[in-house]
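Q:
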Amino acid sequence: MLLLGVELGLFKAIDEDAERHWTVAELADVVGTDATLLCMRAGPYLDVYTEMDSDRVLRYLFTIGVVRENPDSTYSAIPATRWLAMDAAENDVKRNHAMNRATFQLMPDILQRQQTQMAADRGSIETSSSGFSHVQDLPDDAATSGFVAMMRARGERPRSWMDVLPLELLRLSGRDFGTGRINFVQIGYSPTGEQCRALRFGFPGVLGDMSLQVKEAVVGRFDRTELAGYGVELRVHDPDLEQPALGAKAYYMKNFFTTSWMRSACAPDSLVLIDEMVLPTADSEPEQAQPGLRMLSYLTAMERTRLQWETLITRAGLQLQRIDTYDTELGDSVIVAAKA
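Each position in the sequence shown, counted from 1, maps to that position plus 2 in my numbering.
#1: Leaving aside the five residues before and after S78 along the sequence, list all residues of the same chain whose C-beta is less than 8 Å from its C-beta, in chain order.
#2: Could you work out which residue in P246, G210 and F259 is closest to V2 when comparing CA atoms only?
#3: Would you list the residues sitting across from I276 in a DSSP beta bridge?
#4: In whole angstroms, give me the CA-to-CA distance for E9 and M164.
#5: Along the chain, where does the beta strand (DSSP E) that runs through E312 open and close?
#6: Return the residue from the list L322, A284 and E331 that minimises the CA-CA distance to A342.
#7: Is the beta carbon of I315 sitting closer than 8 Å to the one on E278?
#8: Near S272, which residues of its chain fall below 8 Å by C-beta distance, leaving aside the five closest residues on each side in sequence?
#9: Is it the case that the Cβ atoms of V238 and S213 are separated by a distance below 8 Å?
#10: Nearest to I66 by alpha carbon, out of G34, A91 and L4?
#11: Is T283 near L309, with beta carbons less than 8 Å apart?
#12: Which word fits D94, buried or exposed, when buried means at least 16 other C-beta atoms lie within 10 angstroms of its C-beta?
#13: So N185 is in the beta strand (DSSP E); what residue range does that whole segment cover?
#14: Assign V208 to one of two classes, buried (16 or more other C-beta atoms within 10 Å of its C-beta) or exposed (fewer than that).
#15: Applying the criterion that 16 or more other CB atoms from any shown protein chain within 10 Å of the CB defines a buried residue, is A91 buried or exposed?
#16: Which same chain residues, not among the five before or five after R265, have their C-beta less than 7 Å away from its C-beta?
#17: By a C-beta neighbour count over all protein chains shown, 10 Å radius and 16 as the cutoff for buried, is S162 buried or exposed?
#18: Using a threshold of 8 Å, state whether the C-beta atoms of P241 and F258 are closer than that.
#19: Going by the DSSP bridge assignment, what does Y77 pair with across the sheet?
#20: Report the rounded CA-to-CA distance for R223 versus E196, giving the unit in angstroms.
#21: Per DSSP, what are the beta-bridge partners of Q321 in this structure?
#22: Between F64 and D334, what straight-line distance do the alpha-carbon atoms span, to the nearest angstrom?
#23: To which residues does DSSP link M212 through a beta bridge?
#24: Identify whether T327 lies in helix, strand or coil by the three-state DSSP scheme.
#25: On the three-state DSSP scale, how would you describe L167?
#26: Using the three-state DSSP reduction, which class does L10 fall into: helix, strand or coil?
#27: Helix, strand or coil: which one does DSSP assign to L243?
#28: Taking the C-alpha atoms as reference points, what is the distance between K217 and G190?
#29: Quick one: grab the DSSP three-state call for L248.
#30: Just list the residues that DSSP pairs L281 with in beta bridges.
#31: What distance in whole Å lies between the Cβ atoms of L172 and R183, which are believed to be in contact at a cut-off of 8 Å?
#32: Just confirm the distance between the C-beta atoms of T307 and V274, as a whole number of angstroms; I'd bet it's less than 8 Å.
#33: Please classify K96: does DSSP put it in a helix, a strand, or coil?
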């Protein structure tokens, strides 16, 4: 049903006038379909549908919490509607249809092949290409590229860790400047080095050199000269190996976590910033539970609760200092740890 709404432009239509109470007939007119029947007319995913009662579709979308059904049988926008109206979210829904269905069906075979050994039991989230070995036979747009699209969609939400973490924690002292200490190291998955850019542009008071570390396979995507203009050094580095930037003020990781080098790289006042979901111990919402299934089916990995994060961080020789949540719907948070 989400894909149906995306292909028809239903969420974009409702979000065009977020305060409006839309009748079924008005929405049908805007998206160009019949008020009684939603006739699928175009698009690569539409051949799987025939005809559906429009009110039933909207009522179902209400039951899964993506539109509001009003007492007068009209429909209006809620935050989830506005999210689904974004291009990034539309890509996520399409990828979800193309890839999740196939990988979820393969999950019993995947777990048997992996002998149900969760990546979390080994202390890290598997992010190497081998983690996708079971989906290599899927169409290209339904395999790794789809997973990356989902990660980018999550990264394009309007709020980020910078909205909740006191950035004063990242400020360097005068002595730090005198010793040339690195301010901020962004590690691992990074389509654009967006965290370094955003931190430099939006918070110029957080000064000091920054380092963007990416694998050799993707280094060609980046313009070293442009990054240098932001005070960012581009460095080819495998995040599973020993960390070359020792004693930085902050090490930032998103969609990747490793315990192999962190404690040895940290100075006593270094911070490790882990930008990840933190699930509630009980009563998770569907929006929080589904990413856990994705991680399980794609990477034989998991999303974690606060207690699970604290246990993993302790095993790495670190101490959990704080968790600041910036997206309460998904549980996206910045986890702050320091050397124990």
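Glycine is no exception: its CB is placed at the ideal position from the N, C-alpha and C atoms. Computed from a predicted structure; not experimentally measured.
A: In this structure, then:
#1: Annotation for S78: I16, A20, E21, R22, H23, W24, V69, R70 and N72 place their beta carbon closer than 8 Å to its own, counting only its chain and skipping 5 residues before and after.
#2: For the chain, the structure presents residues 3 to 342; residue 2 sits outside this window and is missing.
#3: In the DSSP output, where bridge partners are listed per residue, I276 has M255 and I337.
#4: Cα to Cα, the separation comes out at about 33 Å.
#5: Segment R308 to R317 is the alpha helix (DSSP H) holding E312; no beta strand (DSSP E) there.
#6: Of the candidates L322, A284 and E331, the one whose C-alpha sits nearest the C-alpha of A342 is L322.
#7: No. Outside cutoff.
#8: G249, A250, K251, A252, Y253, A340 and K341, listed in sequence order.
#9: In this structure, V238 sits away from S213, with a CB-CB distance that is not shorter than 8 Å.
#10: Residue L4 is the option with its Cα nearest to I66.
#11: In contact: T283 and L309 (Cβ atoms closer than 8 Å).
#12: Burial is judged here by how many other beta carbons sit within 10 angstroms of a residue's own beta carbon; D94 has at least 16 and is buried.
#13: In the DSSP assignment, N185 falls within the unbroken beta strand (DSSP E) covering I184 to I189.
#14: It counts as buried.
#15: By the beta-carbon neighbour count (other beta carbons within 10 angstroms, threshold 16), A91 is buried.
#16: These residues qualify, in order along the chain: A318, G319, L320 and K341.
#17: Its Cβ being crowded by 16 or more others within 10 Å, S162 is buried.
#18: With contacts defined as CB atoms closer than 8 Å, P241 and F258 qualify as a contacting pair.
#19: Bridge pairing for Y77: W24 and E71 [DSSP].
#20: Their Cα atoms are separated by approximately 13 Å.
#21: According to DSSP, Q321 bridges with A340.
#22: Taking the straight line from one Cα to the other gives about 24 Å.
#23: Residue pairing from DSSP places M212 in a beta bridge opposite F186 and V234.
#24: Assigned with DSSP and collapsed to three states, T327 falls in strand.
#25: Three-state result, L167: coil.
#26: In the three-state reduction of the DSSP assignment, L10 falls in the helix class.
#27: Note: L243 maps to coil in three-state DSSP.
#28: Approximately 7 Å between the Cα atoms of the pair.
#29: It is coil, neither helix nor strand.
#30: In the DSSP output, where bridge partners are listed per residue, L281 has T307.
#31: Between L172 and R183 the Cβ distance is about 12 Å, and since that is not below 8 Å, they are no contact.
#32: The pair is not a contact, with the Cβ atoms about 19 Å apart (cut-off 8 Å).
#33: In the structure shown, K96 sits in a helix (DSSP, three-state: H, G or I).
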